[in-house]
Amino acid sequence: MSGGPPKGLPSTGPHSLLDMPHPLAGSSSEEAVGGDSTPSPDLLMARSFGDKDLILPNGGTPAGTSSPASSSSLLNRLQLDDDIDGETRDLFVTVDDPKKHVCTMETYITYRITTKSTRVEFDLPEYSVRRRYQDFDWLRNKLEESQPTHLIPPLPEKFVVKGVVDRFSEEFVETRRKALDKFLKRITDHPVLSFNEHFNVFLTAKDLNAYKKQGMALLTRVGESVKHVTGGYKLRSRPLEFAAVGDYLDTFALKLGTIDRIAQRIIKEEIEYLVELREYGPVYSTWSALEGELTEPLEGVSACIGNCSTALEELTDDMTEDFLPVLREYILYSDSMKSVLKKRDQVQAEYEAKLEAVALRKEDRPKVPADVERCQDRMECFNADLKADMERWQNNKRQDFRQLLMGMADKNIQYYEKCLMAWESIIPLLQEKQEAK
Amino acid sequence: MEQAPRDPERQLQPAPLEPLGHPDAGLQAAVSEEAEGARDEGSGEGTMTENNFWLKKIEINVSEAEKRTGRNAMNMQETYTAYLIETRSVEHTDGQSVLTDSLWRRYSEFELLRNYLLVYYPHIVVPPLPEKRAEFVWHKLSADNMDPDFVERRRIGLENFLLRVASHPILCRDKIFYLFLTQEGNWKETVNETGFQLKADSRLKALNATFRVKNPDKRFTELKHYSDELQSVISHLLRVRARVADRLYGVYKVHGNYGRVFSEWSAIEKEMGDGLQSAGHHMDVYASSIDDILEDEEHYADQLKEYLFYAEALRAVCRKHELMQYDLEMAAQDLASKKQQCEELATGTVRTFSLKGMTTKLFGQETPEQREARIKVLEEQISEGEQQLKSKNLEGREFVKNAWADIERFKEQKNHDLKEALISYAVMQISMCKKGIQVWTNAKECFSKM
Numbered sequence: 229m230s231g232g233p234p235k236g237l238p239s240t241g242p243h244s245l246l247d248m249p250h251p252l253a254g255s256s257s258e259e260a261v262g263g264d265s266t267p268s269p270d271l272l273m274a275r276s277f278g279d280k281d282l283i284l285p286n287g288g289t290p291a292g293t294s295s296p297a298s299s300s301s302l303l304n305r306l307q308l309d310d311d312i313d314g315e316t317r318d319l320f321v322t323v324d325d326p327k328k329h330v331c332t333m334e335t336y337i338t339y340r341i342t343t344k345s346t347r348v349e350f351d352l353p354e355y356s357v358r359r360r361y362q363d364f365d366w367l368r369n370k371l372e373e374s375q376p377t378h379l380i381p382p383l384p385e386k387f388v389v390k391g392v393v394d395r396f397s398e399e400f401v402e403t404r405r406k407a408l409d410k411f412l413k414r415i416t417d418h419p420v421l422s423f424n425e426h427f428n429v430f431l432t433a434k435d436l437n438a439y440k441k442q443g444m445a446l447l448t449r450v451g452e453s454v455k456h457v458t459g460g461y462k463l464r465s466r467p468l469e470f471a472a473v474g475d476y477l478d479t480f481a482l483k484l485g486t487i488d489r490i491a492q493r494i495i496k497e498e499i500e501y502l503v504e505l506r507e508y509g510p511v512y513s514t515w516s517a518l519e520g521e522l523t524e525p526l527e528g529v530s531a532c533i534g535n536c537s538t539a540l541e542e543l544t545d546d547m548t549e550d551f552l553p554v555l556r557e558y559i560l561y562s563d564s565m566k567s568v569l570k571k572r573d574q575v576q577a578e579y580e581a582k583l584e585a586v587a588l589r590k591e592d593r594p595k596v597p598a599d600v601e602r603c604q605d606r607m608e609c610f611n612a613d614l615k616a617d618m619e620r621w622q623n624n625k626r627q628d629f630r631q632l633l634m635g636m637a638d639k640n641i642q643y644y645e646k647c648l649m650a651w652e653s654i655i656p657l658l659q660e661k662q663e664a665k
Numbered sequence: 535m536e537q538a539p540r541d542p543e544r545q546l547q548p549a550p551l552e553p554l555g556h557p558d559a560g561l562q563a564a565v566s567e568e569a570e571g572a573r574d575e576g577s578g579e580g581t582m583t584e585n586n587f588w589l590k591k592i593e594i595n596v597s598e599a600e601k602r603t604g605r606n607a608m609n610m611q612e613t614y615t616a617y618l619i620e621t622r623s624v625e626h627t628d629g630q631s632v633l634t635d636s637l638w639r640r641y642s643e644f645e646l647l648r649n650y651l652l653v654y655y656p657h658i659v660v661p662p663l664p665e666k667r668a669e670f671v672w673h674k675l676s677a678d679n680m681d682p683d684f685v686e687r688r689r690i691g692l693e694n695f696l697l698r699v700a701s702h703p704i705l706c707r708d709k710i711f712y713l714f715l716t717q718e719g720n721w722k723e724t725v726n727e728t729g730f731q732l733k734a735d736s737r738l739k740a741l742n743a744t745f746r747v748k749n750p751d752k753r754f755t756e757l758k759h760y761s762d763e764l765q766s767v768i769s770h771l772l773r774v775r776a777r778v779a780d781r782l783y784g785v786y787k788v789h790g791n792y793g794r795v796f797s798e799w800s801a802i803e804k805e806m807g808d809g810l811q812s813a814g815h816h817m818d819v820y821a822s823s824i825d826d827i828l829e830d831e832e833h834y835a836d837q838l839k840e841y842l843f844y845a846e847a848l849r850a851v852c853r854k855h856e857l858m859q860y861d862l863e864m865a866a867q868d869l870a871s872k873k874q875q876c877e878e879l880a881t882g883t884v885r886t887f888s889l890k891g892m893t894t895k896l897f898g899q900e901t902p903e904q905r906e907a908r909i910k911v912l913e914e915q916i917s918e919g920e921q922q923l924k925s926k927n928l929e930g931r932e933f934v935k936n937a938w939a940d941i942e943r944f945k946e947q948k949n950h951d952l953k954e955a956l957i958s959y960a961v962m963q964i965s966m967c968k969k970g971i972q973v974w975t976n977a978k979e980c981f982s983k984m
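Protein sequence lines, in the order shown, are assigned to chains L and P.
Under the numbering used here, the first residue of the first sequence carries the number 229, and numbering increases by one thereafter.
Under the numbering used here, the first residue of the second sequence carries the number 535, and numbering increases by one thereafter.
Put into structure tokens, the structure is as follows:
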């Protein structure tokens, strides 16, 4: 068993809230193998390979290591990410290991962010820091400010609107962790955003709060100027492609909303079905107590229904934890996209207005004033950036939904397979006594 | 959908080939002899076979149901359903069957037949009829008696009832049953002429006996207890099953919405469009598959219902035993008191209170002649009473023996049938799971092409 370079992790404070079966407590190893998350570097070193196959996340990249398993993961990576232009990956980011921190003023969760990179922008080849949700929120705002012409991926919702959900429950934390992981991976995949200074700091700084206080020092010129675009300009004509995207996004968001409602409804019906099943199975047990020859068959049926109930519960849990959040995330994503489109419209409108103002001046100046030129640059820049982002978004969307829906189908298949096995196994039990008569 | 879950060509146990008795002349005699013969079954096969009306192997089908209108007893217009009963005799050489009888009956006539059988065969666990009104419905099923699905399931239930009676070693030989299958007109009058309604034990009498009987056979007490519990547990099971069916229906049907939304979504997509569209189609297939699945499950529910109603038939046999036992105990008690009275009169000691004693004290002693007369009357009564007690005792023992034999037969039948029912239920579930796997696998493939 080969290992990678040993890592000295910074101390992570109070004990992990998650009950970890893995001997190396402190890593979300179990979920990593089973679900959407990536295995953390230490995990790959500590485990013996060949125990379980590494299952890779939706369209993301795993942390690379020098362990044998990583060659298969390398292969998988190449297959999954064929939409990325074949460039060699040189930046890997992972979110894992949620921990609860209890302080006098508040209780909150931090996540470990592990970064591995060969880029010159990073002083060290590897980093490991801890961040909480509000740090992610800060990062996103900074990105929006500093890269206004680009589409910034969405964050999972800040507040839990449904009210009944426990912010510190395992399921909620895990769902959030996956979403945050996705968020960072999307930025990592982005050829422009991944080089953003704020992103770099987020990944590497020991003390993020100190950095936050430094203020706006790193704003770029473009960002500044775009920030100052005031509203109120009327758009002449939107370029066709952007108009089409706008329409598309409207319908897309609607359809996603409908799917979300359907999925929720299905889960609700399934839970109610489960409630009835949980009463149904035991009645066979009660009956079996009255009988003689029928005791075992009836008991068998009761147990069978119990197994089906368990399988159903697993299905509804999976759908709630894996399916719905991803769906909702895409609704947020398309909302972000729309606001970026609006900004672009504004930039275009400003440009057009300035141009018109110049035309109206009716001077004999052959030269277009400098600021109008700058406006034009800005607009064309924006258009180009946005176009590229839209294409990337469309591709990712296709991959993501393909995987999401296949995952949904898979879960249902597994549910039915479990039930099938249960029922098939009692047929011999039911028949056997018959012949023995 | 047409045939009962069990073999519709269920044939009679081969009863001995017997010539038909003369229908009219032998009718009354045959009927009562039938009844007696049934009760005295233990006293010898010989007496039973003489007036058998039953013949070779037969097949019974309730093949059709038809809505009719007619006038009822109060001359009011009513709508009812009539069922066509076809009887075929089977030539055992080549298995060919020939239609021998075909007539129409309505549910109330079946009820009449069953009530008759209950009175004349109290020691037999008489097969139950399918339910009169739809119970344990889940929302999709109509509770309306005229609903075609209900009528269809009732048709199967009635056929099943007839097959059960026909395959019962004792009931199959009943003349009234034979006539039910063969004589359309006048059958009701024939049954009523047997006067069976008068012979029926009153509910009140039975209830009274149940409370007051001192020494019933323990097996019957246990059996009654069992049938109570069975009835309770199967009712519960059917109620919950109906709710489960309801919920399952909901789960499947909501998936149909995916079909529509995927279709709409696919319209705005380029590469993803086809995959979404075809996946949506599979979701529609999934949603509509539940109708057949639940219809099949209704057959299972019907099989359970039959045994739910059989519990009542079991209880009826137990009640009869309690009644007979109570009767016996009362007769013994009566005899004992008479004997005591007699003794007191003879010896002149008064130990027990009697009206005569009272009046004697009030109005004076009776003469020796009067006393003699009274003693004589009592002695006669005692002798009669002893005879009666002896025959009641015999009757009681016969009843217990015969009833228990039929109960054992019933137990075997029940265990066999319920096991079959459970197996067929498991098979249904397996089929449902396989369909589910198929549909979702298809959908998954469509998604993979997105």
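For every residue, glycine included, the Cβ atom is placed at its ideal position computed from N, Cα and C.
By a C-beta neighbour count over all protein chains shown, 10 Å radius and 16 as the cutoff for buried, is residue i buried or exposed?
i      : result
M608/P : exposed
V911/P : exposed
N694/P : buried
A572/P : Residue confidence is low: A572/P scores 37 on pLDDT, short of 50, so the model does not pin down where it sits. Its coordinate-derived value is still stated next. Classification for A572/P: buried.
Q837/P : buried
F423/L : exposed
G719/P : exposed
F396/L : exposed
G691/P : buried
N624/L : buried
Measure from the C-beta of residue i to each C-beta in chain P and report whether the shortest distance is under 8 angstroms.
i      : result
D605/L : no
G463/L : According to the sequence displayed, residue 463/L carries Leu and not Gly. No, L463/L does not count as interfacial toward chain P.
I559/L : no
P525/L : yes
E542/L : no
W515/L : yes
E521/L : yes
L505/L : yes
Give the DSSP bridge partners of residue i, in chain order.
i      : result
Q643/P : Reading the sequence as shown, one finds Glu at residue 643/P and not Gln. In DSSP, E643/P forms no bridge with anything.
E598/P : L618/P
I499/L : In the DSSP output, where bridge partners are listed per residue, I499/L has none listed.
S374/L : In DSSP, S374/L forms no bridge with anything.
W638/P : L618/P
Could you tell me whether the Cβ of residue i comes closer than 8 angstroms to any Cβ of chain L?
i       : result
Q1017/P : Summary: the structure shown does not reach residue 1017/P, with chain P confined to residues 535 through 984, and so no result is reported for it.
I971/P  : yes
E600/P  : no
L838/P  : no
R688/P  : no
G784/P  : yes
A960/P  : yes
S982/P  : yes
Quiz item: What residues in the region 612-641 of chain L bring their beta carbon closer than 7 angstroms to a beta carbon of chain P?
Solution: R626, F629, R630, L633, M634, A637, D638, N640 and I641
Quiz item: Relative to chain P, which residues along the region 645-664 of chain L have a C-beta separation below 8 angstroms, given in chain order?
Solution: E645, C647, L648, W651, E652, I654, I655, L658, Q659, K661 and Q662
Quiz item: When the Cβ atoms of the region 570-586 of chain L are set against those of the region 341-349 of chain L, are three or more pairs found closer than 8 angstroms?
Solution: no
Practice problem: Taking a Cβ distance cut-off of 8 angstroms, strictly less, list which residues of the region 743-770 of chain P are near chain L, in chain order. | Solution: Y760, E763, L764, V767, I768 and H770
Exercise. Say whether the region 953-971 of chain P touches the region 787-807 of chain P, bearing in mind that this needs 3 or more beta-carbon pairs closer than 8 angstroms, one atom from each stretch.
Key: no
Practice problem: Could you tell me whether the region 409-419 of chain L touches the region 373-383 of chain L, where touching means 3 or more Cβ pairs closer than 8 angstroms? | Solution: yes
Practice problem: Compile a chain-ordered list of the residues in the region 799-815 of chain P whose CB is closer than 9 angstroms to at least one CB of chain L. | Solution: W799, A801, I802, E803, K804, E805, M806, G809, L810 and A813
Quiz prompt | Contact residues within the region 469-497 of chain L, judged by C-beta distance below 7 angstroms to chain P | solution = Y476, T479, F480, K483, T486, I487, I490, R493, I494 and E497
Quiz item: Does the region 859-866 of chain P touch the region 812-822 of chain P, meaning 3 or more C-beta pairs lie closer than 8 angstroms?
Solution: no
Quiz item: Taking contact to mean at least 3 C-beta pairs separated by less than 8 angstroms, is the region 943-956 of chain P in contact with the region 520-529 of chain L?
Solution: yes
Exercise. Inspect the CB distances between the region 821-831 of chain P and the region 640-657 of chain P and report whether three or more fall short of 8 angstroms.
Key: no
Quiz item: Would you call the region 701-708 of chain P and the region 677-690 of chain P touching, i.e. three or more CB-CB distances under 8 angstroms?
Solution: no
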